[in-house]
Amino acid sequence: MSSEPLHDDVFPDEPWEAEITSLLSGLSSVEPPPGFIDQAIDHRPLFAGRALVGLLAAAAVIFGATFALGAFGQPRLVPDLSTLTAGAAVQSGSSASIFRQPGVVELDQLPGGERIDLEGRSAWVDAENEVVVVATEESVVTMVGVTPDEAAELLDEIDSGPEGFTGVLNRLTAGVGFPDLG
Amino acid sequence: MTDAEVSASDPTPVPTWEEVAHTHGRFLYSLAYRLTGNHQDAQDVVQEVLLRVRRGLTTYKPGNLEGWLSRITTNTFLDRVRKQKRRPTQALPDDPDRYIEGSPGIEAEMAQSDLPDDLQRLLADLPADFRAPVVLKDVLGYSYEEIAEHLGVPIGTVRSRIHRGRSRLKEALTA
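Chains A and B supply the protein sequences, listed in that same order. First residue of the first sequence: 22, per our numbering; consecutive thereafter. First residue of the second sequence: 18, per our numbering; consecutive thereafter.
Here it is in structure tokens:
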């Protein structure tokens, strides 16, 4: 056992601190809204929190601006963004979702943000560091709710082809087996 | 008897994800609310915590389940704060020796106010790095050692942050 004295022995709380503690310890438990826990269990694969909704909205703005600028060579969302929002917008370790669309993107024309290099791939990150657009050989991958470092972890699997991309989405949807984005 | 024999003779089953949610959901929510200060963010935090729990149960070793859950909840909250940058954290000078003068009768001064709501509001105004250890210590009753382990910071830092958090609460409550 260590002979080092406990911190409490060296720096005991001041009397006024005990009063604060007394007040805080008297706070009652806060009940969740009725049905919240059951709903969370029933909808475990798809937890679309407000933060994620906000990020999706940001992504939609980027998509819209991108199309307006004609940045995509094939301005077509496959699958449709609304479908992705319902089917692939999930939270894992953190709020995260991934979109992929065929075509090429002119990263310099994306609004705001900055160009970055992700392990040799051309990419772009928004000013909030939460939306990453990556130009792959034949498609554009947009990751919402991940930082560039986190996005880099996913790129190899996504680049392995449709199966790899589907695998990432499946694991996102299941909420398991995903790299710890938190 | 070896650890393995003890484990084999008295196995403590790992709860299912649904059992954790049902049994500890209220605990998670209450902690999330005290940390976030509002119901919407508390719900987001709990949802994210439950996903982390679901993944984490595959490697969870039966023990102090509420301690494990509170650690996940606190770190989920802090991760969100850092990521969302809603309230940039302030620099935290690490000087546990710096104490402020106490004043008697804080409780008496505040006896006439709507304490729970006021206290929660002031708690929510604390920087996240102060708020989390204060909640863990004063609301949940964890020791400094446990909080240090929860947050992955030295115990002196925990003590300093709690002291500063309390002092800010005191100043706000008596203002």
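Glycine included, C-beta positions come from ideal geometry on N, C-alpha and C. Computed from a predicted structure; not experimentally measured.
What is the residue span of the beta strand (DSSP E) that Ser4/B lies within?
-> The structure shown does not extend to residue 4/B, since chain B spans only 18 to 192, so no value can be given for it.
Gly42/B versus chain A: which residues are under 7 Å apart at the beta carbon?
-> Here residue 42/B refers to the residue found at position 25 when the second sequence is read from its first residue. Pro53 and Ile58, listed in chain order.
Determine the chain A residues that contact Tyr46/B at a beta-carbon separation under 8 Å, and present them in chain order.
-> Translated into the one-based positions of the second sequence, residue 46/B becomes position 29. Those are Val51, Glu52, Pro53, Phe57 and Ile58, listed as they occur along chain A.
Along chain A, in chain order, which residues have C-beta atoms closer than 9 Å to that of Val70/B?
-> Taking the first residue of the second sequence as 1, we reach residue 70/B at position 53. The contacting residues do not exist; Val70/B stays about 10 Å from chain A at best.
In chain A, what lies closer than 7 Å to Tyr50/B by C-beta?
-> Within the second sequence, residue 50/B is the residue found at index 33, counting from 1. Residues of chain A passing the Cβ test: Val51.
Counting only the same chain and skipping the five closest in sequence on each side, list residues whose C-beta sits under 6 Å from that of Arg97/B.
-> Reading the second sequence from its first residue, position 80 is the one you call residue 97/B. Once the five neighbours on either side are set aside, Arg97/B has no close Cβ partner at all.
Determine the extent of the beta strand (DSSP E) in which Val152/B is found, giving its start and end residues.
-> Translated into positions along the second sequence, residue 152/B becomes position 135. Where Val152/B is concerned, there is no enclosing beta strand (DSSP E), given that its DSSP letter is neither H nor E.
Can you check whether the CB of Val152/A is closer than 8 Å to the CB of Val146/A?
-> Sequence index remark: in the first sequence, residue 146/A carries index 125 (1-based). Sequence index remark: in the first sequence, residue 152/A carries index 131 (1-based). In contact: Val146/A and Val152/A (Cβ atoms closer than 8 Å).
Compare the Cα-Cα distances from Val126/A to each of Gly47/A, Ala148/A, Leu139/A and Thr157/A and report the closest residue.
-> Locating residue 126/A in the first sequence gives position 105, counting from the first residue. The residue with the shortest Cα to Cα distance from Val126/A is Thr157/A.
Quick one: is Gly56/A buried, meaning 16 or more other Cβ sit within 10 Å of its Cβ, or exposed?
-> Position 35 of the first sequence, counted from the first residue, corresponds to residue 56/A. With fewer than 16 other Cβ atoms within 10 Å, it is exposed.
Residue from Leu139/B, His180/B, Trp34/B and Ala165/B with nearest C-alpha to Thr191/B = For the purposes of this step, residue 191/B is identified with residue 174 of the second sequence, where counting begins at 1. Comparing Cα positions, the closest option is Leu139/B.
Can you give me the start and stop residues for the beta strand (DSSP E) that Glu135/A sits inside?
-> Here residue 135/A refers to the residue found at position 114 of the first sequence. From DSSP, the beta strand (DSSP E) with Glu135/A extends over Glu135 to Leu139.
Along the alpha helix (DSSP H) that carries Ser46/A, what are the first and last residues, could you check?
-> The count along the first sequence starts at 1 and reaches residue 46/A at position 25. Unbroken alpha helix (DSSP H) run through Ser46/A: Pro36 to Ser46.
CB contact below 8 Å: Glu35/B versus chain A | Counting from one through the second sequence, the residue named residue 35/B turns up at place 18. Chain A, which has a Cβ nearer than 8 Å to the Cβ of Glu35/B, makes this yes.
Residues in the stretch 122-136 of chain A having any Cβ partner in chain B nearer than 8 Å | none
Would the beta-carbon of Ala173/A fall within 8 Å of that of Leu131/A?
-> Taking the first residue of the first sequence as position 1, residue 173/A is located at position 152. Taking the first residue of the first sequence as position 1, residue 131/A is located at position 110. Not a contact, by the Cβ cut-off of 8 Å.
Every unbroken alpha helix (DSSP H) inside the stretch 49-105 of chain B [4 residues or more] = 56-73 and 82-101
Identify the contact partners of Ala61/A in chain B, using a Cβ-Cβ distance below 9 Å as the criterion.
-> Against the first sequence, residue 61/A aligns to sequence position 40. Per Cβ cutoff of 9 Å: Ala38, Gly42, Gln60, Val63, Gln64 and Leu67.
From Glu65/B, Asn92/B, Leu153/B and Phe147/B, pick the residue whose C-alpha is nearest to that of Ile62/A; which is it?
-> One-based indexing of the first sequence puts residue 62/A at position 41. Checking every option, the nearest Cα to that of Ile62/A belongs to Glu65/B.
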